[in-house]
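**Student:** First, the structure itself, so that you have it in front of you.
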Amino acid sequence: MDVFRTTSGPVQGFRASAGVVAVLGIPYAAPPFGANRFREPLPAPAWTGVRDCTDFGPVAPQSARLPGAPVWSPGDEDILTVNVWTPVPDGGRLPVLVWIHGGAHTFGSSAQPDFDGTVLAGAGLVLVTLNYRLGFEGFGRVPGGGRSGHPDNRGLLDQIAALRWVRENIAEFGGDPGNVTVAGQSSGAASVACLMVMDRARGLFHRAIAHSAAGTCHTLGTAAATTREVAEAAGCPATPEGLTSATPRELVAASDRVVENYRRDPASGSRHYDPSLYAPVLDGDVLATDPLTGMAAGAARDVDLLVCHTTEEYWLLDAVGSSAKVTTDEQLALFAEDFGLPDDLVAGYRAAMPHAPVLDVYLAVFGDLLFVEYSNRLAEFHRRAGGRTHLSRFDRRRAGANGAVRAWHCADIPFAFGNIGDDRLAFLIGGAPTAADHALARRMVRAWAGFAATGDPGWPSADDSTTHARVWTADAGPASEGPAAPRSLWAGVGFPILHA
Numbered sequence: 001m002d003v004f005r006t007t008s009g010p011v012q013g014f015r016a017s018a019g020v021v022a023v024l025g026i027p028y029a030a031p032p033f034g035a036n037r038f039r040e041p042l043p044a045p046a047w048t049g050v051r052d053c054t055d056f057g058p059v060a061p062q063s064a065r066l067p068g069a070p071v072w073s074p075g076d077e078d079i080l081t082v083n084v085w086t087p088v089p090d091g092g093r094l095p096v097l098v099w100i101h102g103g104a105h106t107f108g109s110s111a112q113p114d115f116d117g118t119v120l121a122g123a124g125l126v127l128v129t130l131n132y133r134l135g136f137e138g139f140g141r142v143p144g145g146g147r148s149g150h151p152d153n154r155g156l157l158d159q160i161a162a163l164r165w166v167r168e169n170i171a172e173f174g175g176d177p178g179n180v181t182v183a184g185q186s187s188g189a190a191s192v193a194c195l196m197v198m199d200r201a202r203g204l205f206h207r208a209i210a211h212s213a214a215g216t217c218h219t220l221g222t223a224a225a226t227t228r229e230v231a232e233a234a235g236c237p238a239t240p241e242g243l244t245s246a247t248p249r250e251l252v253a254a255s256d257r258v259v260e261n262y263r264r265d266p267a268s269g270s271r272h273y274d275p276s277l278y279a280p281v282l283d284g285d286v287l288a289t290d291p292l293t294g295m296a297a298g299a300a301r302d303v304d305l306l307v308c309h310t311t312e313e314y315w316l317l318d319a320v321g322s323s324a325k326v327t328t329d330e331q332l333a334l335f336a337e338d339f340g341l342p343d344d345l346v347a348g349y350r351a352a353m354p355h356a357p358v359l360d361v362y363l364a365v366f367g368d369l370l371f372v373e374y375s376n377r378l379a380e381f382h383r384r385a386g387g388r389t390h391l392s393r394f395d396r397r398r399a400g401a402n403g404a405v406r407a408w409h410c411a412d413i414p415f416a417f418g419n420i421g422d423d424r425l426a427f428l429i430g431g432a433p434t435a436a437d438h439a440l441a442r443r444m445v446r447a448w449a450g451f452a453a454t455g456d457p458g459w460p461s462a463d464d465s466t467t468h469a470r471v472w473t474a475d476a477g478p479a480s481e482g483p484a485a486p487r488s489l490w491a492g493v494g495f496p497i498l499h500a
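Here it is as structure tokens:
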């Protein structure tokens with residue numbers, strides 16, 4: 001069996017397929033607990049002997065239970081690990097793709113079945129996935145911030161540590177450290193956008209893929225207010241000492257209680273609709289500027305960017321019950337007011353969807369607010385600053401036993417990874433895949449592999465005079481209806497979304 005020598009010690013994985021080796025759960029940093037809690041990631045301790053790396057590492061503290069994925073177990077501490085899938089090494093140097101999972105900066109892991117890297121490695125990539133700190137552990141503000149030794153954006157710092165591990169170790173696995181693409185979806189794509197404008201991440205990757213980037217950042221004031229709410233729910237002082245005295249389990253449970261309070265209170269403002277407590281913090285240090293501002297200034301113009309979103313993003317969040325129901329005109333008006341949307345925006349969506357129920361209008365507006373328009377602006381600002389930008393939209397739909405299968409949030413990722421045959425993902429893609437679905441998956445895998453290798457996903461980049469966008473559909477699917485309403489309706493809406 002293949003043994004790979006990392007900077008911390010030798011590791012051994014297993015054959016995931018005839019031509020691909022998987023090496024799972026490799027520590028890239030020290031466990032971020034005990035004396036290391038709420039601090040920058042430290043190097044992983046060295047080991048002697050060959051480390052067995054045939055299972056995923058423990059997931060970060062969270063309460064989520066995701067289909068086919070492991071759950072967090074209190075006491076699991078060695079959570080900062082990477083997984084590598086590589087074609088059987090032949091002495092060459094292959095392009096590298098590093099995947100950052102999503103989950104509202106609060107849940108998820110690299111062990112989700114969507115993210116198995118066997119197919120992408122078979123397409124000629126070295127695929128790396130990683131775990132990083134989530135929730136309060138990764139994105140909660142500890143009073144004093146970096147001055148007290150507890151920096152903000154610890155989850156982003158973990159991601160940077162993983163990218164440094166890639167730079168130092170990936171050649172051993174047949175990868176080219178000079179040809180690295182970082183990719184992510186949802187809050188993972190938001191992390192990618194942040195990394196693109198962060199000085200600490202500069203030079204660690206050369207291309208970026210952002211699917212359905214979430215457009216929320218928090219100010220220091222918002223992050224501090226969230227800390228006070230969570231500390232109160234945990235029954236501890238909102239101080240470094242008080243927060244450290246609360247166990248990870250207690251902070252997860254306290255965060256869940258705060259979220260539930262927002263869910264139950266329609267008068268609680270914008271967080272009532274989808275109460276995600278954590279996001280990258282504009283702290284002026286780790287994250288000195290929001291991604292849109294940084295990209296407009298040209299901070300990432302040397303990084304090629306591939307952006308994708310789905311046509312019906314927010315229908316998934318409604319289907320899984322994570323979003324408030326908005327079913328009346330009065331509720332829709334309050335939603336628009338809570339997010340400061342201009343008066344003509346909802347009216348424009350109504351005009352574009354004349355026969356849709358209020359709930360569908362709300363889902364269309366909210367999905368475009370959180371994901372679609374932000375993704376469009378990332379691409380637009382990057383392009384105008386001189387960056388090479390490719391655009392795409394996932395619009396695969398089909399008739400299903402329980403109604404239409406929508407092109408919703410997360411549905412594109414099993415196709416891009418080539419994992420649509422996994423039964424655990426049937427809910428995302430609406431049942432067993434068809435022959436047309438398999439053909440679509442092959443096309444999307446080729447696009448990612450081509451972009452990671454050369455910067456060319458298979459269609460032209462956009463410029464200021466023309467917008468070339470690849471629309472992903474299955475041949476057997478219904479004709480694309482396109483976006484619900486024109487982008488011009490969003491002209492007066494500011495981004496990023498800053499929760500007050």
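Going by the numbering used here, the letters in the sequence shown line up with residues 1 to 500, in that order.
Glycine is no exception: its CB is placed at the ideal position from the N, C-alpha and C atoms.
Given the structure is predicted, the values throughout are model-derived calculations rather than measurements.
So for Val82, helix, strand or coil by DSSP?
**Tutor:** Looking up residue 82 in the sequence shown gives position 82. Strand.
**Student:** Could I get the ranges of all uninterrupted alpha helix (DSSP H) runs contained in the region 423-462, with 4 residues as the minimum, in chain order?
**Tutor:** Correct list: 426-429, 435-454.
**Student:** Just to check my reading of the structure: Val281 and Leu220 have Cβ atoms closer than 8 Å, yes? What is that Cβ distance to the nearest angstrom?
**Tutor:** The residue you call residue 281 lines up with position 281 of the sequence shown. The residue you call residue 220 lines up with position 220 of the sequence shown. Between Leu220 and Val281 the Cβ distance is about 7 Å, and since that is below 8 Å, they are a contact.
**Student:** Distance, Cα to Cα, Thr81 vs Ile26?
**Tutor:** Locating residue 81 in the sequence shown gives position 81, where the first residue counts as 1. Locating residue 26 in the sequence shown gives position 26, where the first residue counts as 1. C-alpha separation (whole angstroms): 5 Å.
**Student:** By Cβ distance, which residues of its chain are closer than 7 Å to Arg301, with the 5 residues on each side in sequence left out?
**Tutor:** Along the sequence shown, one-based indexing puts residue 301 at 301. Ala385, Gly386, Gly387, listed in sequence order.
**Student:** For a test of your reading of the model: does the CB of Val230 fall under 7 Å from any non-hydrogen atom of the ligand HEM? Yes or no.
**Tutor:** For the structure depicted, the ligand HEM is absent and the ligand set is empty, with no information on it obtainable.
**Student:** Secondary structure at Ala246, three-state DSSP: helix, strand or coil?
**Tutor:** If you number the sequence shown from 1, residue 246 lands on position 246. Ala246: coil per DSSP, three-state reduction.
**Student:** Given a cut-off of 8 Å, decide if Arg257 and Pro61 are closer than it, judged by their beta-carbon atoms.
**Tutor:** Mapped onto the sequence shown, residue 61 falls at position 61. Mapped onto the sequence shown, residue 257 falls at position 257. No. Outside cutoff.
**Student:** Looking at the unbroken beta strand (DSSP E) that takes in Pro27, where does it start and where does it end?
**Tutor:** As a position in the sequence shown, residue 27 is number 27, starting the count at 1. Per DSSP, Pro27 belongs to the beta strand (DSSP E) from 20-27.
**Student:** Taking the alpha-carbon positions, what's the Thr434 to Ala416 distance?
**Tutor:** The sequence position of residue 434 within the sequence shown is 434, counting from 1. The sequence position of residue 416 within the sequence shown is 416, counting from 1. When rounded, the distance between both Cα atoms is 16 Å.
**Student:** Identify, in the order they occur along the chain, each residue of the same chain with its Cβ nearer than 6 Å to the Cβ of Gly146, setting aside the five sequence neighbours on each side.
**Tutor:** Within the sequence shown, the letter at position 146 stands for residue 146. Excluding residues within five positions, the ones whose Cβ falls inside 6 Å are Asp285.
**Student:** Evaluate Ala479 with the Cβ neighbour count: other Cβ atoms within 10 Å of its Cβ, from every protein chain shown; 16 or more gives buried, anything less gives exposed.
**Tutor:** In the sequence shown, the residue the question calls residue 479 occupies position 479. With a pLDDT of 46 at Ala479, under the threshold of 50, the modelled position of that residue is not reliable, and no figure is offered here.
**Student:** Quick one: is Thr7 buried, meaning 16 or more other Cβ sit within 10 Å of its Cβ, or exposed?
**Tutor:** Within the sequence shown, the letter at position 7 stands for residue 7. Under this definition Thr7 is an exposed residue.
**Student:** How about the region 172-183 and the region 84-104: do they share at least three Cβ pairs that are nearer than 8 Å?
**Tutor:** The region 172-183 is in contact with the region 84-104.
**Student:** Distance check for Leu130 and Gly108, CA to CA, integer angstroms please.
**Tutor:** Within the sequence shown, the letter at position 108 stands for residue 108. Within the sequence shown, the letter at position 130 stands for residue 130. Cα to Cα, Gly108 sits roughly 11 Å from Leu130.
**Student:** Got a sec, what are the start and stop residues for the alpha helix (DSSP H) Leu316 sits in?
**Tutor:** Your numbering for residue 316 matches position 316 in the sequence shown. From DSSP, the alpha helix (DSSP H) with Leu316 extends over 315-319.
**Student:** Could you tell me the distance, in whole angstroms, from the CA atom of Leu127 to the CA atom of Leu391?
**Tutor:** Residue numbering aside, residue 127 sits at position 127 when the sequence shown is read from its first letter. Residue numbering aside, residue 391 sits at position 391 when the sequence shown is read from its first letter. Rounded to whole angstroms, Leu127 to Leu391 spans 22 Å at the Cα level.
**Student:** Below 8 Å between beta carbons: does that hold for Tyr501 and Ser191?
**Tutor:** The requested residue 501 is not part of the displayed model; the chain covers only 1 to 500.
**Student:** Taking three-plus beta-carbon pairs below 8 Å as touching, is the region 160-167 in contact with the region 254-271?
**Tutor:** With a cut-off of 8 Å, the region 254-271 and the region 160-167 do not count as touching, because too few Cβ pairs lie within range.
**Student:** Below 7 Å CB to CB, which residues in the same chain sit around Leu42 once its five sequence neighbours on both sides are set aside?
**Tutor:** Your numbering for residue 42 matches position 42 in the sequence shown. So the qualifying residues of the chain are Ala29, Ala30, Asn36.
**Student:** Is the number of C-beta pairs between the region 302-311 and the region 329-348 that are closer than 8 Å three or more?
**Tutor:** No contact exists between the region 302-311 and the region 329-348.
**Student:** With burial defined as no fewer than 16 other Cβ atoms inside 10 Å of the residue's Cβ, what is the status of Ser187: buried or exposed?
**Tutor:** Counted from its first residue, the sequence shown places residue 187 at position 187. Buried, since its Cβ has 16 or more Cβ neighbours within 10 Å.
**Student:** Using DSSP bridges, identify the partner residues of Phe339.
**Tutor:** Working through the sequence shown from its first residue, we reach residue 339 at position 339. Looking at the DSSP assignment, Phe339 forms no beta bridge with any residue, so it has no partner.
**Student:** In the structure shown, what three-state DSSP assignment does Ala87 receive?
**Tutor:** Taking the first residue of the sequence shown as 1, we reach residue 87 at position 87. Residue identity differs from the one stated: residue 87 is Pro in this sequence, not Ala. Looking at Pro87 - three-state DSSP - the assignment turns out to be strand.
**Student:** Can you give me the C-alpha to C-alpha distance between Gly138 and Glu40, rounded to a whole angstrom?
**Tutor:** As a working note, residue 138 is residue 138 in the sequence shown. As a working note, residue 40 is residue 40 in the sequence shown. C-alpha separation (whole angstroms): 10 Å.
**Student:** Tell me, please, whether the region 204-220 touches the region 369-379 by the rule of three or more beta-carbon pairs shorter than 8 Å.
**Tutor:** At 8 Å Cβ cutoff, the stretches touch.
**Student:** Could you name each continuous alpha helix (DSSP H) segment of 4 residues or more that falls completely within the region 267-328, going from the start of the chain to the end?
**Tutor:** As far as the region 267-328 is concerned, its whole alpha helix (DSSP H) runs of at least 4 residues are 291-296, 315-319.
**Student:** Helix, strand or coil: how does DSSP classify Trp165 here?
**Tutor:** Residue mapping note: residue 165 aligns to position 165 of the sequence shown, counting from 1. Helix at Trp165.
**Student:** For Pro496, does the count of other Cβ atoms within 10 angstroms reach 16, so buried, or fall short, so exposed?
**Tutor:** As a working mapping, residue 496 is identified with position 496 in the sequence shown. So Pro496 ends up on the buried side.
**Student:** State the CB to CB distance for the pair Ser17 and Thr118, rounded to an integer number of angstroms; the pair is presumed to be in contact (CB under 8 Å).
**Tutor:** Position 17 of the sequence shown, counted from the start, is the residue given in the question as residue 17. Position 118 of the sequence shown, counted from the start, is the residue given in the question as residue 118. Between Thr118 and Ser17 the Cβ distance is about 5 Å, and since that is below 8 Å, they are a contact.
**Student:** Would the beta-carbon of Thr327 fall within 8 Å of that of Leu359?
**Tutor:** As a position in the sequence shown, residue 327 is number 327, starting the count at 1. As a position in the sequence shown, residue 359 is number 359, starting the count at 1. Yes, Cβ-Cβ distance for Thr327 and Leu359 is below 8 Å.
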